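So the sequence lines, in the order shown, correspond to chains D and U.
With the working numbering applied, the first sequence corresponds to residues 1 to 439, in that order.
With the working numbering applied, the second sequence corresponds to residues 1 to 180, in that order.
Glycine is no exception: its CB is placed at the ideal position from the N, C-alpha and C atoms.
Small disclaimer: the values here were computed from a predicted structure and weren't measured.
Reviewing the structure listed below.
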Amino acid sequence: MSAPTRRYRFPLWIILGVVLVAALVIGSGALNTTPVTPAQRAVAIETGIKCPSCEDLSVANSSAQTAVFVRNSVRQLIGEGKSDQQIQAYLVSRYGSAIVLVPPASGWSLLVWVLPLGGGAAAVIILAVVLVRKRRTATEDPVDAAREEASLDAGASPDQLDARRQFLEQSLADAFAEHRAGDLSDRDFQALRRRDTARLAALDLRMVEDSDVAVLVGASETADPEVEVRAAAGSTEPALAAPGTATPVPGARRSRRQRFLITGAIASFGAALVLVVALFAASRLPGQTPTGNPNLSQQAQIQQSLAQAATLENQGQSGEAAQLYQKVLTQDPQNEVATAQLGWLEYNTGVQGKSASLIADARAKLDQAIQLNPTDYAARLYLGTVILDQDNNAAAAVAQYQAFLADNPPAALLQQAATILRQAYTQAGTPVPAAVPAA
Amino acid sequence: MGSHRARWIGITVLVVAAGLIAVLASRPSASVASVQSPLVGHPAPAITGTTFAGSDVSVPTAPGHFVVLNFFASWCVPCQQEGPSLVAFQFEHQQAGDASMISVVFGDTLSAARSYQTTLGVNWPTLTDAQGKLALAYGVSDRPTTFVIAPDGRVAAYIVGAVTAKDLDRVIAAAKATHA
Chain D
1 MSAPTRRYRF PLWIILGVVL VAALVIGSGA LNTTPVTPAQ RAVAIETGIK
51 CPSCEDLSVA NSSAQTAVFV RNSVRQLIGE GKSDQQIQAY LVSRYGSAIV
101 LVPPASGWSL LVWVLPLGGG AAAVIILAVV LVRKRRTATE DPVDAAREEA
151 SLDAGASPDQ LDARRQFLEQ SLADAFAEHR AGDLSDRDFQ ALRRRDTARL
201 AALDLRMVED SDVAVLVGAS ETADPEVEVR AAAGSTEPAL AAPGTATPVP
251 GARRSRRQRF LITGAIASFG AALVLVVALF AASRLPGQTP TGNPNLSQQA
301 QIQQSLAQAA TLENQGQSGE AAQLYQKVLT QDPQNEVATA QLGWLEYNTG
351 VQGKSASLIA DARAKLDQAI QLNPTDYAAR LYLGTVILDQ DNNAAAAVAQ
401 YQAFLADNPP AALLQQAATI LRQAYTQAGT PVPAAVPAA
Chain U
1 MGSHRARWIG ITVLVVAAGL IAVLASRPSA SVASVQSPLV GHPAPAITGT
51 TFAGSDVSVP TAPGHFVVLN FFASWCVPCQ QEGPSLVAFQ FEHQQAGDAS
101 MISVVFGDTL SAARSYQTTL GVNWPTLTDA QGKLALAYGV SDRPTTFVIA
151 PDGRVAAYIV GAVTAKDLDR VIAAAKATHA
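Here it is as structure tokens:
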């Protein structure tokens with residue numbers, strides 16, 4: 001049996017580092033010699049340009065009209081033979097530097113780049129220094145080896161101590177054999193010998209304490225545990241200390257500090273690593289990776305736009321919602337959901353702005369939505385409300401509301417509409433259906 | 001030894017934190033940034049386009065009078081708020097001949113925009129800008145957005161949000177004083 005620390009092994013962290021760097025280089029596409037197509041260039045540029053009317057969205061990921069304008073412009077400028085820098089400079093000259101999502105590496109913005117990378121480098125250096133010091137301490141300082149042994153043996157049973165002793169003796173024997181065979185250098189052999197001898201001494205001390213055989217040596221008359229451990233470590237024969245001497249506190253304190261430093265260094269290094277990976281990932285071109293923005297079918301895009309528009313509408317962002325509904329209608333002019341919702345938004349705007357033409361236009365859209373899908377409950381509800389408000393015709397409104405109720409609307413919408421439904425039915429002199437919840 | 005190291009670590013952390021605070025504090029606030037434009041003080045991008053009626057409009061590089069370029073949408077409430085004031089501004093300055101209005105549809109259907117302007121009583125050219133080229137050339141991101149272009153063709157002001165005739169008069173007076 002040989003001690004695991006004795007054989008020279010290539011440091012694992014170097015292998016991991018090489019693998020990491022290789023993965024980043026390959027993943028970044030730096031080695032990709034395939035010519036970049038204009039479409040790939042366009043997407044790469046668009047990924048770094050902020051959508052002018054959005055919060056923290058690139059034009060590549062936004063369906064807002066301004067993003068569409070910028071995308072068209074980027075593709076046109078690429079077609080005109082402009083470089084990436086020229087295209088970016090053009091957009092900055094129009095929208096200002098805030099249009100660029102990636103901060104420039106100059107001025108104050110340079111800090112954004114320097115701080116994480118500097119922190120990462122500092123973390124690596126600290127980690128390396130701590131590890132080297134720890135290794136040197138562990139292999140060369142017999143005092144620390146004895147301390148470490150004392151802390152390892154704390155609470156061990158006599159059988160465990162005996163097994164540990166056998167292990168250390170075997171380790172020493174192996175070290176002698178390997179040194180004799182030329183597999184271990186003089187320096188390493190001396191370090192190992194000092195370390196294991198010190199450990200054996202500390203172990204023997206512990207075993208003697210446990211067997212209540214108190215043997216005092218001259219040096220142990222001092223109460224200083226540091227001196228006792230040094231006495232034990234300096235001799236091949238176990239030097240025994242007075243019973244009851246505790247594991248040295250300074251060593252434990254340094255160990256905690258080292259752990260704290262190592263943890264901090266690893267955390268900093270990890271943060272810097274995440275930044276680097278994110279940086280490389282952001283500049284990846286389509287076609288170079290299976291991950292990223294999926295190419296949605298047109299129908300899926302429409303559904304996504306409708307869902308986004310509904311969210312915006314619920315948040316009170318009618319303008320943005322209207323833009324999305326318009327976008328859906330450019331893709332699918334027969335989409336009854338977008339037609340109805342746009343009509344409803346237009347109606348509300350017309351009422352607020354007292355614009356008869358807008359109200360008429362909105363009403364035409366709601367009629368169109370019902371023609372496209374007679375079972376569109378939302379269009380029925382909206383048209384009924386327009387009729388009730390504008391024509392004051394409760395009977396005609398109730399006709400629309402009955403169609404609305406027959407189409408099994410969601411409970412939440414039903415609850416929202418309860419007041420206006422009850423009002424219309426009451427005005428028309430028609431009993432309120434049981435399906436209408438209390439307002 | 002240990003306390004010295006802790007002190008240096010603490011000082012380093014404080015210096016870094018102070019640096020970050022200084023960077024963040026020296027940045028313009030979001031509201032200020034939203035009304036900054038790299039175009040102000042520079043030659044205005046060319047104003048060319050097609051009106052609702054299909055006629056072409058092209059403003060000279062140096063128009064010789066102030067041009068107020070307004071990007072709007074019919075459904076936008078601030079646009080509706082400023083509409084009557086823009087009509088009043090055009091009426092006043094049409095008589096004097098020192099300023100004129102041009103509207104650009106931004107994020108709206110042409111039919112709704114046209115209906116809205118007809119209701120409002122707009123009598124100045126409105127460009128459809130279907131491809132968004134004007135909006136892009138002027139870096140427009142929201143509506144309403146108004147640019148005031150000086151007689152020499154330079155952009156004198158960039159305003160995001162509803163404006164009044166008084167606001168525009170103030171901007172024009174300031175531009176005149178600067179170039180006097």
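Between which residues of its own chain and P431 of chain D is the CB-CB distance below 8 Å, once the five residues before and five after are set aside? Counting from 1 along the first sequence, the entry for residue 431 of chain D is found at position 431. Correct list, in chain order: Y425.
Could you tell me whether the Cβ atoms of V328 of chain D and I370 of chain D are closer together than 8 Å? Counting from 1 along the first sequence, the entry for residue 328 of chain D is found at position 328. Counting from 1 along the first sequence, the entry for residue 370 of chain D is found at position 370. For V328 of chain D and I370 of chain D, no; Cβs fall outside 8 Å.
Quick one: is G41 of chain U buried, meaning 16 or more other Cβ sit within 10 Å of its Cβ, or exposed? The count along the second sequence starts at 1 and reaches residue 41 of chain U at position 41. It counts as exposed.
Answer yes if the stretch 166-176 of chain D comes into contact with the stretch 191-201 of chain D, meaning at least three C-beta pairs across the two stretches below 8 Å, and no otherwise. yes
Going by C-alpha distance, which of D:D361, D:K365 and D:G429 is nearest A394 of chain D? Start at 1 with the first residue of the first sequence, and residue 394 of chain D comes out as number 394. Out of D:D361, D:K365 and D:G429, D:G429 has the C-alpha closest to the C-alpha of A394 of chain D.
Any C-beta of chain D sitting closer than 8 Å to the C-beta of S85 of chain U? Within the second sequence, the letter at position 85 stands for residue 85 of chain U. Chain D, which has no Cβ nearer than 8 Å to the Cβ of S85 of chain U, makes this no.
Check the Cβ of Y138 of chain U against every Cβ in chain D and list those closer than 9 Å, keeping chain order. Position 138 of the second sequence holds residue 138 of chain U. Near Y138 of chain U (Cβ distances below 9 Å), the residues of chain D are R94.
Could you give the residue range of the alpha helix (DSSP H) that holds H69 of chain U? Along the second sequence, one-based indexing puts residue 69 of chain U at 69. Residue identity check: residue 69 of chain U is Leu in the sequence provided, not His. Note, L69 of chain U: premise wrong, no alpha helix (DSSP H); beta strand (DSSP E) at F66 to F72.
For D56 of chain U, the first and last residue of its enclosing beta strand (DSSP E): Position 56 of the second sequence holds residue 56 of chain U. Its beta strand (DSSP E) spans residues D56 to V59.
Quick check: G119 of chain D and S268 of chain D, are their CB atoms within less than 8 Å of each other? For the purposes of this step, residue 119 of chain D is taken as residue 119 along the first sequence, with counting starting at 1. For the purposes of this step, residue 268 of chain D is taken as residue 268 along the first sequence, with counting starting at 1. Yes, they are a contact pair.
Terminal residues of the alpha helix (DSSP H) in which A411 of chain D lies: For the purposes of this step, residue 411 of chain D is identified with residue 411 of the first sequence, where counting begins at 1. From DSSP, the alpha helix (DSSP H) with A411 of chain D extends over A411 to A428.
Since M101 of chain U sits in a beta bridge, which residues does DSSP pair it with? Here residue 101 of chain U refers to the residue found at position 101 of the second sequence. M101 of chain U pairs with U:V68.
When you measure from the CB of T128 of chain U to every non-hydrogen atom of the ligand FMN, does any distance come out below 7 Å? Of the ligands one can find in the structure shown there are none, so the ligand FMN has no counterpart to examine.
Exposed or buried, V13 of chain U, counting other C-beta atoms within 10 Å across all chains shown (16 or more means buried)? The residue labelled residue 13 of chain U in the question sits at position 13 within the second sequence. By the neighbour-count rule (16 or more Cβ atoms within 10 Å), V13 of chain U is not buried but exposed.
Which class does G234 of chain D belong to by DSSP, given the choice of helix, strand or coil? By 1-based counting over the first sequence, the position of residue 234 of chain D is 234. Residue confidence for G234 of chain D is low, a pLDDT of 44 falling below 50, so the modelled location carries little weight; the figure read from the coordinates is stated next. Reduced to three states, the DSSP call for G234 of chain D is coil.
Have a look at Q117 of chain U and T349 of chain D and give me their C-alpha separation to the nearest angstrom. The count along the second sequence starts at 1 and reaches residue 117 of chain U at position 117. The count along the first sequence starts at 1 and reaches residue 349 of chain D at position 349. Spanning the two alpha carbons is a distance of roughly 14 Å.
Using the rule of at least 16 other Cβ atoms within 10 Å of the residue's Cβ for burial, across every protein chain shown, is V57 of chain U buried or exposed? If you number the second sequence from 1, residue 57 of chain U lands on position 57. Exposed: under 16 other Cβ atoms inside 10 Å.
Does any CB atom of chain U fall closer than 8 Å to the CB of V59 of chain D? For the purposes of this step, residue 59 of chain D is taken as residue 59 along the first sequence, with counting starting at 1. V59 of chain D does not count as touching chain U.
If you measure between the beta carbons of Q331 of chain D and Q298 of chain D, is that distance less than 8 Å? Position 331 of the first sequence, counting from 1, holds the residue named residue 331 of chain D. Position 298 of the first sequence, counting from 1, holds the residue named residue 298 of chain D. In contact: Q331 of chain D and Q298 of chain D (Cβ atoms closer than 8 Å).
Buried or exposed: where does P52 of chain D fall if 16 or more other Cβ atoms within 10 Å of its Cβ makes it buried? By one-based count along the first sequence, residue 52 of chain D stands at place 52. With 16 or more Cβ atoms within 10 Å of its Cβ, P52 of chain D is classed as buried.
What does DSSP give as the partner residue(s) for R194 of chain D in the beta ladder? As a first step, residue 194 of chain D is located in the first sequence; it is residue number 194 there, counting from the start. In DSSP, R194 of chain D forms no bridge with anything.
Closer than 8 Å to chain U by CB, G384 of chain D: By one-based count along the first sequence, residue 384 of chain D stands at place 384. Not one chain U Cβ lies under 8 Å of G384 of chain D.
Determine whether the Cβ of W113 of chain D lies closer than 8 Å to any Cβ atom of chain U. Taking the first sequence and counting its residues from 1, one reaches residue 113 of chain D at position 113. Not an interface residue.
Cα separation between V114 of chain D and V25 of chain D? Looking up residue 114 of chain D in the first sequence gives position 114. Looking up residue 25 of chain D in the first sequence gives position 25. Computed Cα separation, rounded: 20 Å.
Spatial neighbours of Q86 of chain D within its chain, please: C-beta separation below 8 Å, excluding the five flanking residues on both sides. Residue mapping note: residue 86 of chain D aligns to position 86 of the first sequence, counting from 1. Excluding positions up to five away in sequence, the list reads L77.
What would DSSP say about P11 of chain D, mapped onto helix, strand or coil? In the first sequence, residue 11 of chain D corresponds to position 11, counting from 1. Looking at P11 of chain D - three-state DSSP - the assignment turns out to be coil, as it is neither helix nor strand.
Quick one, which of D:A406, D:P333, D:A439 and D:L110 has its alpha-carbon nearest Q416 of chain D's? For this step, residue 416 of chain D is matched to residue 416 along the first sequence. Considering only alpha carbons, the answer is D:A439.
Please name the residue in D:Q65, D:A98 and D:L366 whose C-alpha comes closest to that of K50 of chain D. Mapped onto the first sequence, residue 50 of chain D falls at position 50. Among D:Q65, D:A98 and D:L366, the Cα nearest to that of K50 of chain D is on D:A98.
Are any of the Cβ atoms in chain D nearer than 8 Å to that of A135 of chain U? Within the second sequence, residue 135 of chain U is the residue found at index 135, counting from 1. Yes, A135 of chain U lies at the interface with chain D (some Cβ there is under 8 Å from its Cβ).
Rounded distance between the beta-carbons of N72 of chain D and Q131 of chain U, thought under 8 Å: Reading the second sequence from its first residue, position 131 is the one you call residue 131 of chain U. Reading the first sequence from its first residue, position 72 is the one you call residue 72 of chain D. About 7 Å separates the two Cβ atoms, so the contact holds.
For chain D, check one thing: does any of its Cβ atoms lie closer than 8 Å to the Cβ of W75 of chain U? Position 75 of the second sequence, counted from the start, is the residue given in the question as residue 75 of chain U. Yes, its Cβ sits closer than 8 Å to a Cβ of chain D.
Measure from the C-beta of S103 of chain U to each C-beta in chain D and report whether the shortest distance is under 8 Å. Counted from its first residue, the second sequence places residue 103 of chain U at position 103. False, the Cβ-Cβ gap to chain D never drops below 8 Å.
What is the DSSP secondary structure of F52 of chain U, reduced to helix, strand or coil? Translated into positions along the second sequence, residue 52 of chain U becomes position 52. Coil, per DSSP.
Proximity winner among U:T109, U:S111 and U:I172, relative to A150 of chain U (alpha-carbon distances): By one-based count along the second sequence, residue 150 of chain U stands at place 150. Of U:T109, U:S111 and U:I172, the residue nearest in Cα terms is U:I172.
Reducing DSSP to helix, strand and coil, say where R154 of chain U ends up. Residue numbering aside, residue 154 of chain U sits at position 154 when the second sequence is read from its first letter. R154 of chain U falls in the strand class under three-state DSSP.
Kindly list the residues whose CB is nearer than 7 Å to the CB of L168 of chain D, restricted to its own chain and excluding five residues on each side of it in sequence; keep chain order. As a position in the first sequence, residue 168 of chain D is number 168, starting the count at 1. The answer, listed in chain order, is D196, R199, L200 and L203.
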